[in-house]
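Engineer: Chains S and Y, in that order, are what the protein sequence lines are.
As numbered in our numbering, residues 11 to 169 make up the first sequence, in order.
As numbered in our numbering, residues 32 to 430 make up the second sequence, in order.
From the three backbone atoms N, C-alpha and C, an ideal C-beta is built for every residue, glycine too.
The structure's right below; bear with me while I get my questions together.
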Amino acid sequence: MDKLLKLLKQNALETPANLAKLLDIPEAEVRAKIEKYEKSGIILGYQAIVNEDSLNLKRVSAVIEVKTTPEREGGFDRLAGRLAKFPEVEALYLMSGGYDLLVFISGNDLKEVASFVAEKLATMTGVISTSTHFMLRTYKERGVLMETKHEQERLTVSP
Amino acid sequence: MNKNGSQSHPDRAPRNFIAAHLKDVPPSGIREFFDIVSTRKGVISLGIGEPDFVTPWHIREASMYALDHGATSYTSNRGLQSLRNGISAYVQEAFNVTYDPETEILITVGVSEALDLAVRAVVEPGDEVLYHEPCYVSYSPLVEFVHGKAVAVNTTGTNDFRLTREMLEKKVTRRTKALLLNFPTNPTGATLLREDLEGIAAFCVEHDLLVMTDEIYSELTYDGERLSIASLPGMKQRTIFLHGFSKAWAMTGFRLGYACGPADLIETMMKIHQYTMLCAPILSQKAAIEALHKRCRADVEMMRSSYEKRRNFIWQGLNEVGLSCHKPNGAFYAFPYIGGRGMTSREFALRLLDDQNVACVPGTAFGQSGEGYLRCSFSTDLEDIKEAVKRIGVFLKKI
């Protein structure tokens with residue numbers, strides 16, 4: 011992966027001037043590259059990684075394993091495409107193994123998620139079965155540990 | 032009554048028990064500065080000489096696994112066979128020198144011990160050892176401890192703190208026995224070109240010198256080839272290659288290093304090690320076995336690349352705010368020139384600390400030739416580096 015993309019993945023708030031210094035390239039080049047990535051859809055957006063557990067939002071999240079009947083034309087794509095459009099669906103993957111689609115979903119409470127599964131997901135043409143697992147606690151999200159960092163006992167000056 | 036007939040009184044003041052030759056060895060300048068900094072709160076420290084990463088999880092986990100499974104014993108004096116095998120393979124691959132794990136490798140408590148053993152195994156009273164300055168704090172004292180004479184060869188910012196044959200020729204005498212090298216260098220970040228190393232190698236052959244090369248920062252080289260003098264023709268037999276896991280693997284607290292070299296020298300070092308240290312801690316050795324595994328390479332590369340970006344940032348940042356700084360090519364230290372302002376390095380560092388709460392280490396902590404320079408570690412969180420550079424800029428405008 012391009013070094014600039016790696017840096018932005020670590021901290022999307024870094025200014026172009028600082029990015030230029032870090033990479034030892036001109037700032038104009040950084041700006042041009044970012045614009046190119048945004049226009050070409052390589053950078054799709056910028057989001058904060060939020061420790062939602064600590065916000066006490068009472069929201070619930072679940073992962074749902076979905077077994078489907080693939081279609082002759084397009085396999086799983088049509089069904090997955092329709093499913094992905096629901097705003098409740100936060101992430102969706104085609105999987106190898108015992109089921110076909112893995113759906114990440116969240117809602118305000120258990121009932122809301124359950125009703126989405128029962129009324130929307132399970133009733134879609136092509137869906138054979140669903141298996142819903144509710145998440146209990148987040149330990150790590152997108153490479154970031156949710157626990158607060160422990161203070162390091164490093165000497166302030168050392169050889 | 033004693034045999035001389037005089038009365039011994041229990042309150043009689045004891046004589047001075049301290050060995051005379053240690054009186055002149057000064058305490059590390061780092062220590063003095065540490066004591067000053069630790070009295071202050073909220074300091075942004077660019078004074079830290081160790082990685083700011085925690086040891087990669089794979090390595091920590093391997094050490095815990097070993098503890099879980101009861102690895103609490105001594106190991107052989109030379110160190111675990113599997114670790115020596117791993118080191119042999121790694122040094123061969125990374126440095127292109129082959130060492131026999133049975134007879135040519137010794138596992139030590141950090142490179143510090145390895146270096147101490149090497150000096151003790153080689154230096155006799157009156158022998159001279161050449162070393163380049165500014166340098167890591169312990170080189171000269173180690174030589175003095177064994178009644179040797181440490182002879183500094185000053186390197187300067189005008190040629191990026193490189194060391195050349197010509198500089199060494201001016202200091203060599205009939206008593207010179209060894210040369211101590213440390214590239215990339217703490218505190219200057221200097222590295223050598225192949226031609227420099229070839230010249231130094233020829234110099235050592237001509238004067239029949241042993242080289243002790245401290246390669247601890249090797250993996251943290253940013254531009255150009257990574258080359259050890261041990262790999263040059265004819266040099267393996269007159270080189271003690273010293274390396275360890277502290278820097279590139281972020282394992283300072285594990286205290287694990289190693290020495291590779293001719294079997295007779297390693298055997299002699301092993302003798303001292305056996306009577307003084309017995310062996311390196313087994314848990315650290317187990318961790319090091321994991322550190323050499325291929326799966327940990329991504330961690331090392333991630334850290335190297337992170338230091339490289341911060342190197343780019345601090346080097347440009349310091350130059351922008353008005354401190355002339357060469358581009359460090361290795362390690363994690365920038366070494367800007369602060370001279371020409373009517374202040375010594377120490378005064379500059381103290382006033383910077385006092386005025387802006389930014390701690391940098393005066394260049395003189397690394398030898399007199401460090402006068403006029405300041406060591407700024409970029410093994411520091413990027414946000415802290417940004418703030419520190421800004422504050423240094425403010426300070427420069429005020430003085």
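1) Which term fits Y/L114, buried or exposed, when burial requires 16 or more other beta carbons within 10 angstroms of its beta carbon?
2) Which whole-angstrom value is the C-beta distance of Y/V168 and Y/F397, which I expect to be below 8 Å?
3) With DSSP run on the structure shown, which of helix, strand or coil describes Y/C407?
4) Report, in whole angstroms, the separation of the C-beta atoms of Y/T139 and Y/Y364, which I expect to be a contact under 8 Å.
5) Report all residues from its chain with a CB closer than 7 Å to the CB of Y/D147; omit the five preceding and five following residues, and keep chain order.
6) Please report the residue range of the beta strand (DSSP E) in which Y/G288 lies.
7) Measure the alpha-carbon distance for Y/R377 versus Y/I67 and round it to whole angstroms.
8) List, in order along the chain, the chain S residues whose C-beta lies closer than 9 Å to that of Y/I61?
9) Inspect the CB distances between the segment 240-251 of chain Y and the segment 260-280 of chain Y and report whether three or more fall short of 8 Å.
10) Classify Y/T106 as helix, strand or coil using the three-state DSSP reduction.
11) Check the Cβ-Cβ distances between S/K31 and every residue of chain Y, and say whether any is below 7 Å.
12) If the cut-off is 7 Å on Cβ atoms, which residues from the segment 167-195 of chain Y count as contacting chain S, listed in chain order?
13) Taking the alpha carbon of Y/C166 as the point to measure from, which residue in Y/L427, Y/L413, Y/Q399 has its own alpha carbon closest?
14) Does Y/E144 have its Cβ less than 7 Å from a Cβ in chain S?
15) Strictly below 8 Å CB to CB, what residues from chain Y border S/D34?
16) Any idea if Y/A362 is buried or exposed, counting beta-carbon neighbours within 10 angstroms, 16 or more meaning buried?
17) Less than 7 Å between CB atoms is the rule here; does Y/F48 satisfy it with respect to chain S?
18) May I ask which residues mark the beginning and end of the beta strand (DSSP E) holding S/A101?
19) Can you give, in chain order, each stretch of the alpha helix (DSSP H) that sits fully within the segment 41-105 of chain S and has at least 4 residues?
20) Identify the continuous alpha helix (DSSP H) that holds Y/F344 and give its terminal residues.
21) Can you look up Y/D66 in the DSSP assignment and give me helix, strand or coil?
22) Between the segment 309-324 of chain Y and the segment 279-286 of chain Y, do at least 3 Cβ pairs fall closer than 8 Å?
23) Shorter than 7 Å from the beta carbon of Y/K340 to some beta carbon of chain S?
24) Going by beta-carbon coordinates alone, are Y/T222 and Y/F234 separated by less than 7 Å?
Structural biologist: If we stick to the structure as given:
1) Against the second sequence, residue 114 of chain Y aligns to sequence position 83. Here Y/L114 is buried, its C-beta having at least 16 other C-beta atoms within 10 Å.
2) Taking the first residue of the second sequence as 1, we reach residue 168 of chain Y at position 137. Taking the first residue of the second sequence as 1, we reach residue 397 of chain Y at position 366. With a Cβ gap of about 7 Å, Y/V168 and Y/F397 count as contacting.
3) Along the second sequence, one-based indexing puts residue 407 of chain Y at 376. If DSSP states are grouped into helix, strand and coil, Y/C407 belongs with the strands.
4) Walking along the second sequence from the start, residue 139 of chain Y turns up at place 108. Walking along the second sequence from the start, residue 364 of chain Y turns up at place 333. Actually they do not touch by this definition, with Cβ atoms about 24 Å apart.
5) Reading the second sequence from its first residue, position 116 is the one you call residue 147 of chain Y. The answer, listed in chain order, is L173.
6) The sequence position of residue 288 of chain Y within the second sequence is 257, counting from 1. Segment 288-291, the beta strand (DSSP E) holding Y/G288.
7) Here residue 377 of chain Y corresponds to residue number 346 of the second sequence, with the count starting at 1. Here residue 67 of chain Y corresponds to residue number 36 of the second sequence, with the count starting at 1. Between Y/R377 and Y/I67, the alpha-carbon positions lie close to 12 Å from each other.
8) In the second sequence, residue 61 of chain Y corresponds to position 30, counting from 1. In chain order: V167, S168, P169.
9) Judged by Cβ distances under 8 Å, the segment 240-251 of chain Y makes contact with the segment 260-280 of chain Y, as three or more pairs qualify.
10) As a first step, residue 106 of chain Y is located in the second sequence; it is residue number 75 there, counting from the start. For Y/T106, the three-state secondary structure derived from DSSP is coil.
11) As a working note, residue 31 of chain S is residue 21 in the first sequence. By this cut-off, S/K31 is an interface position.
12) Residues Y167, V168.
13) The residue labelled residue 166 of chain Y in the question sits at position 135 within the second sequence. Closest option to Y/C166, Cα to Cα, is Y/Q399.
14) Here residue 144 of chain Y refers to the residue found at position 113 of the second sequence. Contacts with chain S at 7 Å (Cβ-Cβ) do not include Y/E144.
15) Reading the first sequence from its first residue, position 24 is the one you call residue 34 of chain S. Near S/D34 (Cβ distances below 8 Å), the residues of chain Y are N343, Q347.
16) Indexing the second sequence from 1 puts residue 362 of chain Y at position 331. Buried is the call here.
17) Numbered from 1 along the second sequence, position 17 holds the residue referred to as residue 48 of chain Y. Among the residues facing chain S, Y/F48 is not included, as its CB has no counterpart in that chain under 7 Å away.
18) Locating residue 101 of chain S in the first sequence gives position 91, counting from the first residue. In the DSSP assignment, S/A101 falls within the unbroken beta strand (DSSP E) covering 99-104.
19) Restricted to the segment 41-105 of chain S, the alpha helix (DSSP H) segments that are unbroken, complete and at least 4 residues in length are 87-95, listed in chain order.
20) The count along the second sequence starts at 1 and reaches residue 344 of chain Y at position 313. Its alpha helix (DSSP H) spans residues 328-352.
21) Taking the first residue of the second sequence as 1, we reach residue 66 of chain Y at position 35. Three-state DSSP puts Y/D66 in a helix.
22) Touching, yes, given that three or more Cβ pairs across the two stretches are closer than 8 Å.
23) If you number the second sequence from 1, residue 340 of chain Y lands on position 309. Yes, its Cβ sits closer than 7 Å to a Cβ of chain S.
24) Counting from 1 along the second sequence, the entry for residue 222 of chain Y is found at position 191. Counting from 1 along the second sequence, the entry for residue 234 of chain Y is found at position 203. Going by C-beta atoms, Y/T222 is not nearer than 7 Å to Y/F234.
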